[in-house]
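Protein chains in written order, with the numbering used here: chain A, 6 to 348; chain B, 360 to 463. From the three backbone atoms N, C-alpha and C, an ideal C-beta is built for every residue, glycine too. Report on the following structure.
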């Protein structure tokens, strides 16, 4: 029965099995063009988009049929499930949010928002985790990074969930800088240098962080049923919508490794250390076929050869964040040329 | 598990290697495990892969580094053990033609 379901699935077009309406919206995100059947809070697609992704919706019955006989893996928390189908499509699902099927070539995403999910929460997972599968399948290497724009250049903060990337970025917002992307960063090596691409104009913060660093009214919605983190939309004043050159990447030290008395430290990373920070902070750890791993290995090596990396450790004390921001700005003001690694 | 100095080591299939500055990173595509080498480890890796035997590699390294012979032997043993455990090298008979032979 499982084999029949897979063969049927392989013979079908994603687009033919959806609601039957053609995508009517065109958007731009991470430098790509997104053709969407549903409205999203995104700008127009960029000229010369890096690639395109088509987004459709489908019913619960459609997903049930497609997944017949497919065994899903679940995490310890069991609210996230994942499966790889026989034709190399990827299925992901978050309880209380929605489910997504990403085509093997990464060009198509079919999605379903669960009835108990808010649109904002659904879009966070659609435009983050789900789209990361499409990006990886198309040869991109998204990083788990929050990025701000300082004097027209991107400064990225690498780190796992809970490392304080967004809180640090909010502190930069409070000083008049803008957010380029919160959580997922796409970098491309261009002739003029590495470009960093804009994400969704929003930031995810705990309420007390939002009250401290965002001057305007902080009305947001919960990110998911299990977190107090809020999704906060950002205005054009606070979000950069165009790609900018990359200035530096700061890998955040784990909060557990920092003791209050050690203060703020910014240290150079050796190329080997930088390489592993990038690999550790990939946005998508589920697509691990040989082709992807080999590409990631090569791309990471190139990034380490050309980008500037720093290790940033600091006490996770709210009142210290402005000092951390000033330390980063001071560090950025230094001449990094002598530290570039010779290839 | 240890490697005899009378044997030769070669890069295992499905292993990627890249120099990053004066260090290196390796990836075993089958096991999905990474290994990082500091500058000395990187040099050891390079010499091991070029030499006709582990003994020949040891001799080259002993000339390059100001180190006690036993210490170098221990360090080389340790590195080889780690490389073997992670499936990054294969072990075979030493080259008998004499002189160093580069891997293609």
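Following the DSSP letters along the chain, one finds residue 84 (chain A) in no beta strand (DSSP E), marked with neither H nor E.
With a cutoff of 8 Å on beta-carbon distance, residue 218 (chain A) and residue 178 (chain A) are scored as near each other.
Residues of the region 271–299 of chain A with a Cβ closer than 9 Å to any Cβ of chain B, in chain order: 275, 276, 277, 278, 279, 280, 281, 284, 293, 295, 298, 299.
Here residue 451 (chain B) carries a strand assignment [DSSP, helix/strand/coil].
Residue state for residue 56 (chain A) is assigned as coil, using DSSP reduced to three classes. Secondary-structure assignment with DSSP links residue 235 (chain A) through a beta bridge to A:210, A:227. Taken through DSSP and simplified to helix, strand or coil, residue 267 (chain A) comes out as helix. For residue 384 (chain B), the chain A residues whose C-beta falls within less than 7 Å of its own C-beta are 277, 280, listed in chain order.
Separation of the CB atoms of residue 139 (chain A) and residue 150 (chain A) is rounded to 18 Å, and the pair is thereby denied contact status at 8 Å. Legend: CB atoms of the region 305–337 of chain A lying less than 8 Å from CB atoms of chain B belong to residues 306, 309, 310. Taking the C-beta atoms as reference points, residue 382 (chain B) is found nearer than 8 Å to residue 401 (chain B). Between the region 208–216 of chain A and the region 273–280 of chain A, the count of C-beta pairs closer than 8 Å stays below three; the two stretches do not touch. In terms of beta-carbon proximity, residue 138 (chain A) stays away from the interface with chain B, with every pair separated by 8 Å or more. With a threshold of 8 Å between beta carbons, residue 446 (chain B) makes no contact with chain A. For residue 151 (chain A), the secondary structure class from DSSP, reduced to helix, strand or coil, is strand. The shortest C-alpha to C-alpha distance from residue 242 (chain A) to any of A:284, A:183, A:295, A:282 is the one to A:183.
Here residue 116 (chain A) carries a strand assignment [DSSP, helix/strand/coil]. Against chain B, the beta carbon of residue 302 (chain A) has neighbours under 9 Å at 375, 377, 384, 386, 388, 393, listed in chain order.
Rounded to whole angstroms, residue 65 (chain A) and residue 240 (chain A) show a C-alpha spacing of 35 Å. The residues 36, 37, in chain order, have a CB closer than 6 Å to that of residue 55 (chain A) in the same chain once the five nearest residues on each side in sequence are set aside. Assignment of beta-bridge partners to residue 78 (chain A) by DSSP yields A:87. Sorting A:131, A:225, A:228, A:299 by C-alpha distance to the C-alpha of residue 103 (chain A) places A:131 at the top. Beta-carbon to beta-carbon, residue 45 (chain A) and residue 128 (chain A) are separated by about 6 Å, close enough to satisfy the 8 Å threshold.
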